[in-house]
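Engineer:
Chains as they are written, first to last, in this note's numbering: chain W, 497 to 804; chain D, 19 to 850.
(1) When burial is assigned at 16 or more other CB atoms within 10 Å of the CB, is residue 55 (chain D) buried or exposed?
(2) Buried or exposed: which applies to residue 64 (chain D), given that a residue is buried once 16 or more other Cβ atoms fall within 10 Å of its Cβ?
(3) Tell me, which residues are paired with residue 599 (chain D) by DSSP?
(4) Fully enclosed by the region 658-729 of chain D, which alpha helix (DSSP H) runs are 4 residues long or longer?
(5) Under a Cβ-count criterion, where at least 16 other Cβ atoms within 10 Å of its own Cβ denotes burial, should residue 596 (chain W) be classed as buried or exposed?
(6) Within its chain, find whatever has a CB closer than 6 angstroms to the CB of residue 614 (chain W); leave out the 5 residues flanking it on each side and keep chain order.
(7) Whole-angstrom Cβ separation of residue 757 (chain D) and residue 662 (chain W), contact assumed at under 8 angstroms?
(8) Check the Cβ-Cβ distances between residue 671 (chain W) and every residue of chain D, and say whether any is below 9 angstroms.
(9) Going by DSSP, name the residue or residues bridged to residue 299 (chain D).
(10) Starting from residue 624 (chain W), trace the alpha helix (DSSP H) in both directions and tell me its first and last residue.
(11) Nearest to residue 661 (chain D) by CA position, among D:397, D:322 and D:447, is which residue?
(12) So what's residue 19 (chain D) in DSSP terms, helix, strand or just coil?
(13) Please identify the residue among D:481, D:498 and D:471 whose C-alpha is closest to the C-alpha of residue 490 (chain D).
(14) Report the neighbours of residue 540 (chain W) on chain D: residues whose CB is nearer than 7 angstroms to its CB, in chain order.
(15) Who does residue 33 (chain D) pair with in a DSSP beta bridge?
(16) Please confirm if residue 119 (chain D) has its CB atom under 9 angstroms from at least one CB of chain W.
(17) Can you name the residues that DSSP bridges to residue 265 (chain D)?
(18) Under 9 angstroms between C-beta atoms, does residue 96 (chain D) make it to chain W?
(19) Could you compute how far the alpha carbon of residue 528 (chain D) sits from the alpha carbon of residue 745 (chain D)?
(20) Let me check one thing: in DSSP terms, what residues is residue 58 (chain D) bridge-paired to?
(21) The beta strand (DSSP E) that contains residue 502 (chain D), what's its start and end?
(22) Can you find at least 3 beta carbon pairs, one from the region 234-244 of chain D and one from the region 253-272 of chain D, that sit closer than 8 angstroms?
(23) Report the three-state DSSP secondary structure of residue 653 (chain W) (helix, strand or coil).
(24) At the 9 angstroms Cβ level, is residue 786 (chain W) part of the contact set with chain D, yes or no?
(25) Are the CB atoms of residue 436 (chain D) and residue 473 (chain D) nearer to each other than 9 angstroms?
(26) Between residue 372 (chain D) and the rest of its own chain, which residues show a CB-CB distance below 7 angstroms, the 5 nearest in sequence each way excluded?
(27) How would you list, in chain order, the residues of chain W whose beta-carbon sits under 9 angstroms from the beta-carbon of residue 84 (chain D)?
(28) On the premise that residue 723 (chain D) lies in contact with residue 397 (chain D), defined as a C-beta separation below 8 angstroms, what is that separation, rounded to the nearest angstrom?
(29) Counting only Cβ pairs nearer than 7 angstroms, list the residues of chain W close to residue 718 (chain D).
(30) Just the chain D side, please: which residues come within less than 7 angstroms of residue 486 (chain W) by C-beta, in chain order?
(31) Quick check: the Cα distance between residue 729 (chain D) and residue 496 (chain D), rounded to an integer number of angstroms?
(32) From D:824, D:839, D:830 and D:815, pick the residue whose C-alpha is nearest to that of residue 799 (chain W); which is it?
(33) Could you tell me which uninterrupted alpha helix (DSSP H) segments, each at least 4 residues in length, are contained entirely in the region 193-253 of chain D, listed from first to last along the chain?
(34) Using DSSP with H/G/I as helix, E/B as strand and the rest coil, what is residue 842 (chain D)?
(35) In this structure, does DSSP put residue 378 (chain D) in helix, strand or coil?
(36) Would residue 720 (chain W) count as contacting chain D if we go by Cβ distances under 9 angstroms?
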């Protein structure tokens with residue numbers, strides 16, 4: 497089969513420019529250190545890349561939410577630890593006050609310290625988190641949890657519902673706590689034998705009054721109630737701690753998942769430098785060979801040999 | 019005569035022409051579409067010399083154009099196929115670059131939107147987070163619009179490309195027509211100038227690149243060009259006539275390429291349409307539009323619509339920062355509803371972002387169990403009636419609805435209908451037919467239940483407490499509220515069955531001025547109809563009837579009207595006196611305030627009441643606070659027809675609001691039994707069993723559309739309060755639902771919204787991959803065809819060089835022959 501001259505030249509040019517294209521693509525890949533420069537370079541991978549990127553974003557979003565949760569739990573922990581310490585001190589004072597060797601005047605001075613402890617506890621119960629939301633108001637986060645009324649009694653103004661926040665796909669984590677779960681009202685046996693709950697701060701106020709008036713039975717009762725309240729605060733502290741560890745383990749799982757996803761994405765998207773450099777060398781050699789062979793072959797023409 | 023000179027000169031002339039042809043070939047080595055011309059040198063006619071023939075030299079016969087029709091057709095076809103792939107691939111790659119891009123593609127915007135929903139769920143009270151949420155929503159809406167804009171651009175570009183191509187085709191066909199005219203001057207293709215034929219073939223090749231054509235050549239080289247598979251469909255070029263084509267856009271944006279002036283088919287008389295163009299450049303663009311662009315655009319519009327609908331549904335189930343029910347978050351501009359182009363965010367105010375749920379469930383702090391409860395609401399679906407049955411539903415005041423029911427015999431119960439929550443002042447009147455045949459029959463009575471089996475009216479009967487009649491699943495029968503009044507009644511509703519009369523207010527007018535003055539009040543009087551003693555054969559037991567709430571005693575002989583009057587008065591109901599007027603019973607009140615209610619107790623029958631002279635009316639005063647199911651039952655041996663009339667004041671159902679405004683408490687009596695109690699009235703709304711299977715998650719509890727789910731099984735004594743969330747700004751139920759929406763399969767094919775978009779990208783990617791492979795294969799085919807054509811019609815300089823040498827030698831040889839002839843002649847001339 498004979499080749500026409502124009503076809504010869506056309507073919508050679510076509511092939512050389514194809515080689516040059518491939519070489520420039522490899523060079524671009526080397527510069528960007530990415531195998532897939534545009535989605536159209538690997539169209540069957542485009543969907544997979546999108547999916548992976550989306551998943552990675554989602555893990556990041558969840559991790560950030562968990563960071564927020566950790567911050568909140570830590571603020572809670574700080575408040576609760578201080579509150580527990582205060583209650584411990586209150587317990588010590590009540591034991592002291594219950595001691596019969598103390599006289600009324602001494603009891604009065606004990607009562608003074610108790611009052612200041614009560615005030616500190618009230619302030620702690622109204623702690624806020626980083627965003628200015630009250631920690632112990634349930635979902636009424638913009639209103640104070642425990643409010644002192646005009647008559648000196650303290651009312652819980654929050655609500656009881658608990659919220660959960662998203663911490664992963666199909667996973668939620670408990671977030672807010674209601675004030676009465678933490679500063680929980682102790683049970684008091686009434687005169688008719690039934691037990692009713694008495695407000696947290698009400699119990700402390702009763703105790704203070706009992707100490708001031710040297711009412712030993714009430715002091716004993718108050719001591720029992722303070723033990724109950726201390727237990728419930730410790731329990732709340734433990735719950736907060738366990739929530740924190742749940743969040744931490746969730747975060748660990750998320751970071752592992754992210755790592756796995758990122759490495760899958762890298763397999764698809766990123767460039768393997770060794771193969772790319774080898775390929776570049778191969779293409780350069782091919783181009784050089786094409787160019788030099790073309791110049792030799794195109795110079796051959798029968799006309800040059802017809803000397804007349 | 020065959021002599022040396024003429025033979026020589028014939029050869030010289032012939033080879034001179036041959037050399038000219040070769041030099042023509044060499045000059046045209048790079049001419050587009052040029053077919054190599056070969057010389058045909060034929061021997062001259064021999065002349066007779068003696069007994070044999072002597073040759074007369076050669077002549078230049080013709081220039082043979084090196085041309086293979088089959089190879090040319092092959093080249094044209096493969097050119098069409100290859101040209102069809104190129105635009106498809108280019109546009110598909112452009113589309114995929116747009117759709118898969120991080121900043122234009124939709125995935126990152128959707129992910130950002132759901133991420134900000136999650137952030138807002140963490141701090142629903144924060145204005146900053148709410149603002150961030152609105153911004154992400156706006157970002158997503160504008161991304162939909164931008165992506166749509168990109169698709170629009172592709173649409174316009176492809177349409178313009180087709181316009182250009184169509185114009186080109188018209189130009190080519192017109193030129194072909196002119197060529198045909200030129201070619202018509204000669205009778206056979208062999209005689210045609212080769213240049214004309216080359217031009218014809220070049221035009222055909224260019225035309226084939228735009229659209230696949232079918233050609234048919236006549237003997238003189240004229241071409242008939244058609245689109246499509248057969249030659250009988252409309253042609254583009256025939257003889258010296260060409261038909262123009264244009265690009266038509268329909269109202270819906272669809273593109274068709276058709277004749278500018280459609281010809282009429284002579285046999286059928288219909289207008290001929292252009293056959294569809296499937297390959298070539300135009301074919302490739304049309305394929306792209308049809309197979310890729312349109313489905314992607316439709317998919318995007320569908321995704322926008324579903325996204326808006328689903329997000330709005332969640333948002334509208336929530337409460338915003340001002341305590342109001344959430345509105346629609348996404349909307350569409352007018353005229354662009356349901357399309358990605360029109361998507362926009364409707365809410366600008368951060369306090370109108372509904373993050374909180376409409377309901378909340380609160381664990382009692384003293385609960386022993388550790389389960390977490392969630393509450394959600396969706397309108398409940400029940401079996402059974404959706405309103406009053408048949409024409410009873412027409413009884414909206416002042417009209418009266420009437421319906422006849424057959425009840426009794428093998429059909430002891432029949433459904434009269436549903437009195438929906440919100441329906442007010444309902445009266446259902448039963449007027450039993452006391453014919454002679456029905457003496458001794460008990461007749462029919464009404465039964466009224468709530469959806470949880472609490473019976474309110476009628477004789478104690480639990481046969482209808484099952485889900486098929488409209489009850490909640492798991493409903494149990496209770497008679498705690500049966501025929502109760504005032505504070506003991508169900509939710510404090512005033513439900514009564516019997517005969518009533520109220521004080522009548524008669525409007526008075528001032529006789530002088532005609533103005534309305536204070537109306538006079540007539541005392542209530544319950545006037546009975548015919549006293550039918552034949553149907554009063556059975557004794558009346560104590561408690562069968564009540565008068566104004568007081569249970570009436572037993573009456574052994576009710577057929578005597580005086581006994582009845584005595585029996586009624588013996589109850590000593592304050593203010594109410596019974597008497598006999600004209601042989602009928604009349605009950606009258608002494609004062610102008612207060613009504614008379616002669617009611618049916620647990621075993622009272624409307625038949626007996628009718629015999630006493632009164633119809634039985636089931637009436638509900640005020641608005642119904644819960645759905646009520648009404649049945650009629652009869653223990654008679656045969657089916658009796660009972661006529662019922664209905665009338666009601668208004669209908670304003672809003673079960674959701676009622677549930678929100680009335681808190682209720684769910685208490686677990688033990689681990690498998692629970693009850694729901696209304697906090698306000700302490701009415702027991704439901705008592706049911708929890709069918710939990712060990713190892714399976716705790717089943718949800720449903721009540722009038724509320725769905726309560728528990729993380730683990732509840733313990734005995736656990737209590738939960740359910741009410742409408744009105745001030746819990748830290749509640750994030752609605753936002754949590756939005757976060758779960760990201761992973762809910764709402765798109766067809768069981769895909770989530772992000773997955774559906776990625777699926778689109780995948781489909782486009784597949785088309786691109788296939789087109790790339792097709793293009794590679796077709797390029798090989800095309801190259802083969804081109805090489806074959808070139809080997810037949812292409813000019814090779816080396817071949818021409820050798821031909822040049824050959825003809826040059828032949829020329830020189832023939833010239834030498836002439837020289838020799840001249841020398842021979844000189845020799846003859848020199849003979850003296």
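Think of the CB as a built atom: it goes at the ideal place given N, C-alpha and C, for glycine as much as any other residue.
Structural biologist: Short version:
(1) buried
(2) exposed
(3) D:602
(4) 673-679
(5) exposed
(6) 700, listed in sequence order.
(7) 5 angstroms
(8) yes
(9) Per DSSP, none; premise fails for residue 299 (chain D).
(10) Run containing residue 624 (chain W): none; DSSP gives neither H nor E here.
(11) D:447
(12) Residue placement at residue 19 (chain D) is poorly supported in this model, since its pLDDT is 46, which falls under 50; the coordinates are not used for a value here.
(13) Ranking the options by Cα distance to residue 490 (chain D), first place goes to D:471.
(14) 783, 784 and 787
(15) Beta-bridge pairing links residue 33 (chain D) to no other residue.
(16) yes
(17) D:275
(18) Between residue 96 (chain D) and chain W, the shortest Cβ-Cβ separation is not below 9 angstroms.
(19) It is roughly 54 angstroms from the alpha-carbon of residue 528 (chain D) to the alpha-carbon of residue 745 (chain D).
(20) D:80
(21) In the DSSP assignment, residue 502 (chain D) falls outside any beta strand (DSSP E), carrying neither H nor E.
(22) yes
(23) coil
(24) no
(25) no
(26) 333, 336, 337, 338, 344 and 752
(27) Correct list: empty, because the minimum Cβ distance to chain W is about 11 angstroms.
(28) 5 angstroms
(29) Here the premise fails: no neighbours, minimum Cβ distance about 17 angstroms.
(30) One cannot answer for residue 486 (chain W) here, as it falls past the ends of chain W, which runs 497 to 804.
(31) 30 angstroms
(32) D:815
(33) Counting only runs of 4 or more residues that sit fully inside the region 193-253 of chain D, the alpha helix (DSSP H) segments are 212-228, in chain order.
(34) helix
(35) strand
(36) Taking 9 angstroms as the threshold, the shortest C-beta distance from residue 720 (chain W) to chain D does not fall below it.
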